[in-house]
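Chains as they are written, first to last, in my numbering: chain A, 1 to 204; chain B, 205 to 408. We treat Cβ as the ideally placed atom computed from N, Cα and C, and that holds for glycine. What follows is one structure encoded as structure tokens, with my remarks underneath.
There are 2 protein chains.
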Amino acid sequence: MNRSANQKMNIRKEEIYRVATRLFREKGYNATGMRDIALEVGVEAASLYNHIRSKSELLQQCCFRMAGDFSRQLEEQEQRNSALALEKLEAVLRFHIRAWINRLDEVLVATHEGKYLEEPWLTEFMQERRRYMKRIEHIIIQGMDHGHIRRAEPYPIMLTIMSTVRGIEFWHRKQQEVSATDLEDGLVDVIIRGLLPIPSYHRS
Amino acid sequence: MNRSANQKMNIRKEEIYRVATRLFREKGYNATGMRDIALEVGVEAASLYNHIRSKSELLQQCCFRMAGDFSRQLEEQEQRNSALALEKLEAVLRFHIRAWINRLDEVLVATHEGKYLEEPWLTEFMQERRRYMKRIEHIIIQGMDHGHIRRAEPYPIMLTIMSTVRGIEFWHRKQQEVSATDLEDGLVDVIIRGLLPIPSYHRS
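Laid out in structure tokens, this is it:
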């Protein structure tokens, strides 16, 4: 195949991926058929198989593409030796937020539909997610050891960093009212301030 | 029908609801059939219709039961006139966290599968969610007006309060390592501290 035909194949493959990811989000992975994907792409269902092997492959592509991107950026932060742990966490949080602002279909599918991966992909994906969460916990513990993150159970802090982005799904329906920048800064502020080693707040 | 037969009907109806909610979570609403529900309850599919009208009714029940419980507890907080806004928000957050700890199937189905409600229920549910989020924003603004929550865009703060619980889904797979109480206190601490009117933290 010549270069141009190859490029066309790649463009079509990426288009199938985009359409499938959107449908998995809208209808759920289990309720989406290859026929639905073909209809939206505008080809016969049979011709999809020139580009991909199965519906499952499309879910794999989504989950592992996201996992890879998230893991690579976390590695970048881990290697910033001169940065404080709090700065690393802020950068990780901003990366998460931007992914939920700019790549909502993909993050939602990886987050909610990943459980429908076939084996061995399911186990690999779950392990990768656990490793990712452990690596974030590790940065939190470093920050506590250096005294610029308050001493506390690191696990709930990690969970908060992982999940604060989830509300961004609501924001997409009303983004005209709050800008992406204000959203990002606002979310970061709550979480990062919440990690500072300040005295306990008063409770009634 | 006598009282005891009536009670039995209610118990069976509640059992169908529990099974359906679990299956909607595990397989997704669209991929769950009445046949799947009947199989797990241990009855013929046809006899389910003695208890409920449709699969859609079960999803409605889940979404509006959760919405009702959440709305009622928020109202309780709104009516605590002597409490600080921050104390009301803490109570709301603890209620959210406990729901995600104790009623995971129901909150996950209401959160992820609610979009598959039929009209007019879908519109009603979405409106109820928007109203709920507005009411939380209102408490945040009250706290800012009284000076015990720092001035900031209230919308991202509300989103953080709404979504920090989502990570609890991960915790359920490893709850033996962190107790429910430590989880709750840890999550509350990050968010509530993040709202205090302290000077800005340093950034590099």
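* **Residue from B:Ile361, B:Arg377, B:Lys378 and B:Phe374 whose Cα sits closest to the Cα of A:Ile168** => B:Ile361
* Asked: Taking buried to mean at least 16 other C-beta atoms within 10 Å of its own C-beta, is B:Pro324 buried or exposed?
  -> exposed
* Looking at the structure shown, is B:His352 part of a helix, part of a strand, or coil, going by DSSP? -> coil
* Secondary structure at A:Glu194, three-state DSSP: helix, strand or coil? -> The question names Glu, yet the displayed sequence has Gly at residue 194 of chain A. A:Gly194 falls in the coil class under three-state DSSP.
* Asked: Do B:Ile343 and B:Lys292 have their CB atoms nearer than 8 Å?
  -> yes
* Can you give, in chain order, each stretch of the alpha helix (DSSP H) that sits fully within the region 89-144 of chain A and has at least 4 residues? -> 104-108
* Asked: Closer than 8 Å, CB to CB, is A:Ile157 near chain B or not?
  -> yes
* Taking three-plus beta-carbon pairs below 8 Å as touching, is the region 251-263 of chain B in contact with the region 343-352 of chain B? -> no
* Express the C-alpha separation of B:Thr385 and A:Thr164 in angstroms, rounding to a whole number. => 20 Å
* **Proximal residues of chain A, C-beta to C-beta of B:Met238 below 9 Å** => The premise fails here: B:Met238 is roughly 15 Å from chain A at the closest Cβ pair, so nothing lies under 9 Å.
* Are any of the Cβ atoms in chain A nearer than 8 Å to that of B:Trp325? -> no
* To do: Please list the residues of the region 308-323 of chain B that have a C-beta atom closer than 7 Å to any C-beta atom in chain A, keeping them in chain order.
  => His316
* Asked: Is the CB of A:Arg94 under 8 Å away from at least one CB in chain B?
  -> no
* Hey, is B:Ser275's beta-carbon within less than 8 Å of any beta-carbon in chain A? -> no
* Span separating the alpha-carbon of A:Thr32 from that of B:Asn206 -> 46 Å
* Relative to the C-alpha of B:Ile340, which residue among B:Leu308, B:Ala314, B:Val311 and B:Leu297 is closest? -> B:Leu297
* To do: Label A:Val154 either buried or exposed according to how many other C-beta atoms from any shown protein chain fall within 10 Å of its C-beta, with 16 as the threshold for buried.
  => It is Pro, not Val, that sits at residue 154 of chain A in the sequence shown. Buried.
* To do: Could you list which residues in chain B have their beta carbon closer than 9 Å to that of A:Ala38, in chain order?
  => Near A:Ala38 there are no residues of chain B at all, since even the closest Cβ is about 19 Å away, more than 9 Å.
* Asked: For A:Val178, which of helix, strand or coil comes out of DSSP?
  -> coil
* What's the gap between the Cα of A:His172 and the Cα of B:Met213? -> 43 Å
* Asked: Is DSSP giving B:Ile256 helix, strand or coil here?
  -> coil
* Contact list for the region 264-291 of chain B against chain A, Cβ threshold 8 Å -> Ala287, Leu288, Leu290 and Glu291
* If you drop the 5 nearest sequence neighbours on each side, which residues of the same chain put their C-beta closer than 8 Å to that of A:Glu78? -> Lys88, Arg135 and Ile139
* Candidates A:Ala152, A:Ile192 and A:Val188: which alpha carbon is nearest B:Asp390's? -> It should be pointed out that residue 390 of chain B corresponds to Gly in this sequence rather than to Asp. Considering only alpha carbons, the answer is A:Ala152.
* **Three CB pairs or more closer than 8 Å across the region 8-25 of chain A and the region 39-57 of chain A** => yes
* Asked: Along chain D, in chain order, which residues have C-beta atoms closer than 7 Å to that of A:Trp171?
  -> Within the model displayed, chain D is absent; protein chains A and B are what it includes.
* Would you tell me roughly how many angstroms separate the C-alpha atoms of A:Asn102 and A:Leu108, rounded to the nearest one? => 12 Å
* Determine the direct distance from the alpha carbon of A:Arg98 to that of A:Glu184, and round the result to whole angstroms. => 8 Å
* Among the residues of its own chain, which have a CB less than 6 Å from the CB of B:Ser208, if the five just before and after it don't count? -> none
* Asked: Any Cβ of chain A within less than 8 Å of the Cβ of B:Arg335?
  -> no
* Can you pull the chain B residues whose beta carbon is under 7 Å from the beta carbon of A:Lys134, in chain order? => The contacting residues do not exist; A:Lys134 stays about 11 Å from chain B at best.
* To do: Could you check which residue in B:Asn234, B:Glu244 and B:Tyr233 has the C-alpha nearest to that of B:Ile220?
  => B:Glu244
* To do: Could you check if B:Ser408 is buried or exposed, using at least 16 other CB atoms within 10 Å of its CB as the buried criterion?
  => Note on B:Ser408: pLDDT 38, under 50, position unreliable in the model; the coordinate value appears next. Label assigned to B:Ser408: exposed.
* If you drop the 5 nearest sequence neighbours on each side, which residues of the same chain put their C-beta closer than 7 Å to that of A:Tyr116? -> Tyr29, Asn30 and Leu59
* Asked: Looking at B:Glu317 and B:Met270, is the spacing between their C-beta atoms short of 8 Å?
  -> no
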